[in-house]
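*Asks:* If you count by full-length UniProt numbering, then the sequence shown holds residues 1 to 210, one letter each, in order. First the structure, which I've put down as structure tokens, then a few questions once you've had a look.
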Amino acid sequence: MIEFVDECSSTQKEIIEGLKNSVIKPPYCLVAKRQNGGVGSRGSEWESEEGNLYFSFCIDEREIPSDVPLSSMSIYFAFLMKEHIASLGSNLWLKWPNDFYVEDKKIGGVITTKIKNSYVCGMGINIAKSPDYAGVLDIQISANSLVLGFVELLKNKISWKQIFSKFLLEFEKSKNFTSHINNEKISLHSATLCEDGSIFINNKKVYGLR
Numbered sequence: 001m002i003e004f005v006d007e008c009s010s011t012q013k014e015i016i017e018g019l020k021n022s023v024i025k026p027p028y029c030l031v032a033k034r035q036n037g038g039v040g041s042r043g044s045e046w047e048s049e050e051g052n053l054y055f056s057f058c059i060d061e062r063e064i065p066s067d068v069p070l071s072s073m074s075i076y077f078a079f080l081m082k083e084h085i086a087s088l089g090s091n092l093w094l095k096w097p098n099d100f101y102v103e104d105k106k107i108g109g110v111i112t113t114k115i116k117n118s119y120v121c122g123m124g125i126n127i128a129k130s131p132d133y134a135g136v137l138d139i140q141i142s143a144n145s146l147v148l149g150f151v152e153l154l155k156n157k158i159s160w161k162q163i164f165s166k167f168l169l170e171f172e173k174s175k176n177f178t179s180h181i182n183n184e185k186i187s188l189h190s191a192t193l194c195e196d197g198s199i200f201i202n203n204k205k206v207y208g209l210r
């Protein structure tokens, strides 16, 4: 089921509360034109201007390919969306672990959590406008079209092996950037991507924590 609303506090928060209170059952997707309490990386607020893409979905863990590492569920979902958008002619790429970029500008991101036996994934992408410090998607497409295309791709149950082989090549772009690791900005220049989606950097293994 896909529900479209004009406004909500946060699509992800709404689904999490719905699952906890047993008023929502997977599969379920919520798409909002506006959010007044969107969640960004590391708990920050994601600026939610009308016209961009804000949606979250929940899916039963049994519907996810068995080879997807639990710690890299956000990478899996994000790369599926990246593949869909790229198939439409965009130069969008995925910066480790789960930020959408066009060239050197962040245009969105993904957050995933687990509630009961379901994964809840929230996505935000600037498709129409952005703050000065961010970018906008380089093709014109409606938010609803992106959601419908992503949902169809998710149904294909593409394996982690297929996703990882492509992400491994794209990871080279991430090496030109930094990532917040233990509340510290760390250059990814010397990082190595591991098969489970984690990176090996500064002699230790680091996982994407959101």
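Even for Gly, the Cβ is constructed at its ideal location relative to N, Cα and C.
How about Ile85 and Leu92: do their beta carbons lie closer than 7 Å?
*Replies:* Residue numbering aside, residue 85 sits at position 85 when the sequence shown is read from its first letter. Residue numbering aside, residue 92 sits at position 92 when the sequence shown is read from its first letter. For Ile85 and Leu92, yes; Cβs fall inside 7 Å.
*Asks:* Please report the straight-line C-alpha distance between Glu61 and Leu19, rounded to a whole angstrom.
*Replies:* By 1-based counting over the sequence shown, the position of residue 61 is 61. By 1-based counting over the sequence shown, the position of residue 19 is 19. Cα to Cα, Glu61 sits roughly 14 Å from Leu19.
*Asks:* Pick out whichever of Gly37, Phe4, Lys175, Ala134 has its Cα sitting closest to the Cα of Tyr28.
*Replies:* To locate residue 28, count along the sequence shown from 1; it is residue 28. Ranking Gly37, Phe4, Lys175, Ala134 by Cα distance to Tyr28 puts Phe4 first.
*Asks:* With respect to the alpha helix (DSSP H) encompassing His84, which residues constitute its N-terminal and C-terminal limits?
*Replies:* To locate residue 84, count along the sequence shown from 1; it is residue 84. Segment 73–86, the alpha helix (DSSP H) holding His84.
*Asks:* Is the segment 57–74 touching the segment 111–124 in the sense that three or more CB pairs, one from each, lie closer than 8 Å?
*Replies:* yes
*Asks:* So Ser90 and Asp138 are in contact, right, with Cβ under 8 Å, and what is the actual spacing, rounded?
*Replies:* Locating residue 90 in the sequence shown gives position 90, counting from the first residue. Locating residue 138 in the sequence shown gives position 138, counting from the first residue. 5 Å between Cβ atoms; contact.
*Asks:* Which partner residues does Arg34 have in the DSSP bridge list?
*Replies:* Counting from one through the sequence shown, the residue named residue 34 turns up at place 34. Its beta-bridge partners are Glu7.
*Asks:* Over what stretch of residues does the beta strand (DSSP E) that includes Phe57 continue unbroken?
*Replies:* Taking the sequence shown and counting its residues from 1, the one referred to as residue 57 is at position 57. Element bounds for Phe57: 53–60.
*Asks:* List the whole-angstrom C-beta distance separating Lys82 from Phe100, where the pair is believed to meet the contact cut-off of C-beta under 8 Å.
*Replies:* The residue labelled residue 82 in the question sits at position 82 within the sequence shown. The residue labelled residue 100 in the question sits at position 100 within the sequence shown. 7 Å between Cβ atoms; contact.
*Asks:* With 7 Å set as the bound, which would you pick, yes or no: does the beta-carbon of Ile24 sit closer than that to a beta-carbon of chain D?
*Replies:* The chain labelled as chain D is not found in the depicted structure, where only one protein chain is given.
*Asks:* When you compare only the Cα positions, how much space is there between Leu53 and Ser165?
*Replies:* Numbered from its first residue, the sequence shown carries residue 53 at position 53. Numbered from its first residue, the sequence shown carries residue 165 at position 165. Answer to the nearest angstrom: the Cα atoms are 27 Å apart.
*Asks:* The beta strand (DSSP E) that contains Lys204, what's its start and end?
*Replies:* What you label residue 204 is simply residue 204 of the sequence shown in a count that begins at 1. Counting along the chain, the beta strand (DSSP E) containing Lys204 begins and ends at 204–206.
*Asks:* Does DSSP classify Gly18 as helix, strand or coil?
*Replies:* As a working mapping, residue 18 is identified with position 18 in the sequence shown. In the structure shown, Gly18 sits in a helix (DSSP, three-state: H, G or I).
*Asks:* Using 10 angstroms around the beta-carbon of Tyr133, count the other beta-carbons present and answer buried if the total reaches 16, otherwise exposed.
*Replies:* For the purposes of this step, residue 133 is taken as the residue at position 133 of the sequence shown. The residue in question, Tyr133, is exposed, as its Cβ has fewer than 16 Cβ neighbours within 10 Å.
*Asks:* Between Ile15 and the rest of its own chain, which residues show a CB-CB distance below 7 Å, the 5 nearest in sequence each way excluded?
*Replies:* On the sequence shown, position 15 is the one that residue 15 refers to. Answer for Ile15: Ile24, Tyr28, Leu30, Ser56, Cys58, Val120, listed in chain order.
*Asks:* When DSSP labels each residue in this structure, what does Gly108 get in the three-state scheme?
*Replies:* Translated into the one-based positions of the sequence shown, residue 108 becomes position 108. DSSP places Gly108 in strand when its eight states are reduced to three.
*Asks:* How would you call Arg42, buried or exposed, if buried means at least 16 neighbouring beta carbons within 10 angstroms?
*Replies:* On the sequence shown, position 42 is the one that residue 42 refers to. Because Arg42 carries a pLDDT of 45, less than 50, the predicted location of this residue cannot be relied on, and no value is offered for it.
*Asks:* Kindly give me the distance between the Cβ atoms of Leu188 and Lys205, rounded to whole angstroms, as I take these residues to be in contact under 8 Å.
*Replies:* Within the sequence shown, residue 188 is the residue found at index 188, counting from 1. Within the sequence shown, residue 205 is the residue found at index 205, counting from 1. Their Cβ separation, rounded to whole angstroms, is 14 Å, which puts Leu188 and Lys205 out of contact at 8 Å.
*Asks:* Should Lys33 and Glu50 be called a contact, given that it needs their Cβ atoms to be closer than 7 Å?
*Replies:* Counting from 1 along the sequence shown, the entry for residue 33 is found at position 33. Counting from 1 along the sequence shown, the entry for residue 50 is found at position 50. It is a contact, given that the beta carbons lie within the stated cut-off.
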